[in-house]
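Everything on this sheet refers to the single structure shown next.
Chains as they are written, first to last, in the numbering used here: chain A, 5 to 216; chain B, 1075 to 1084.
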């Protein structure tokens, strides 16, 4: 565990907490893509199957349980408790366009053709593109609330910090995982446009509004 | 390598 990896995990945790707090305190999930949240829940479910087969550390297990619980709690808030505030008219991304290619690719390019490895690989590919419905929603409405953009910034920072962690681990321990790294780069690149808008607008106190 | 790959990252 190095500082970049820890920073990445904490940024991820922060993003999840920001989202839950936003929905809970405003009693509304307006502006949040339920489709992206479904994909994140699917991602964690597929990836953390090893929770029952492999013990790594208390930290590792606790974080997995927290991520899973938070993902399903978010879905509950969006699709049950505050369903009336869910902006489904703007959340029109077709999930099968992301799930099917991720599943197909996981079956072809993986470390080992076993259920747990293919599911892990599927989760890596799916996570890389899981934010697309959310970004699509922001581009459709042309704007995002500040709290939503803080959430997106924390979520994007997480994988960016993981990349630094992978570079560090490659030089310090010779460790590398090509699948995770390439997918992580794709995932981070998807956030670049958003990062630019966040730094140039949101941090200067303006609302995130896309140029017309 | 037949051992199960240990994935220590989240």
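All C-beta atoms in this analysis are idealised placements derived from N, C-alpha and C, irrespective of residue type, glycine included.
Simplified DSSP assignment, three categories, for residue i
i                       : result
residue 1083 of chain B : coil
residue 116 of chain A  : coil
residue 212 of chain A  : strand
With 16 other Cβ atoms within 10 Å as the buried cut-off, status of residue i
i                      : result
residue 63 of chain A  : exposed
residue 26 of chain A  : buried
residue 31 of chain A  : exposed
residue 196 of chain A : exposed
residue 92 of chain A  : exposed
residue 156 of chain A : buried
CA nearest to the CA of residue i, picked from the options
i                      : options                      : result
residue 188 of chain A : A:214, A:48, A:173 and A:128 : A:128
residue 207 of chain A : A:149, A:163 and A:172       : A:149
residue 193 of chain A : A:133, A:48, A:17 and A:58   : A:133
residue 144 of chain A : A:212, A:54, A:47 and A:43   : A:212
residue 7 of chain A   : A:141, A:162 and A:37        : A:162
residue 1 of chain A   : A:214, A:21, A:28 and A:99   : No answer is possible for residue 1 of chain A: it lies beyond the span of chain A, which begins at 5 and ends at 216.
residue 141 of chain A : A:97, A:124, A:108 and A:166 : A:97
residue 72 of chain A  : A:164, A:117, A:120 and A:47 : A:47
residue 2 of chain A   : A:81, A:75, A:121 and A:42   : Since the first residue shown for chain A is 5 and the last is 216, residue 2 of chain A is missing from the structure and cannot be characterised.
Range of the contiguous alpha helix (DSSP H) that encloses residue i
i                      : result
residue 31 of chain A  : No alpha helix (DSSP H) holds residue 31 of chain A; DSSP gives it neither H nor E.
residue 166 of chain A : 150–177
residue 206 of chain A : Neither: residue 206 of chain A is in no alpha helix (DSSP H) and is coded neither H nor E.
residue 180 of chain A : That residue, residue 180 of chain A, is in no alpha helix (DSSP H); it is neither H nor E in DSSP.
residue 137 of chain A : 136–145
Distance cut-off 8 angstroms: residue i Cβ against heavy atoms of the ligand COA
i                     : result
residue 39 of chain A : Absent from the structure shown: the ligand COA. Ligands present: none.
>> Along the stretch 61–88 of chain A, where does the CB come closer than 9 angstroms to a CB of chain B? Name the residues.
In response: Under the 9 angstroms Cβ criterion, the stretch 61–88 of chain A contributes 61, 64, 67, 68 and 71.
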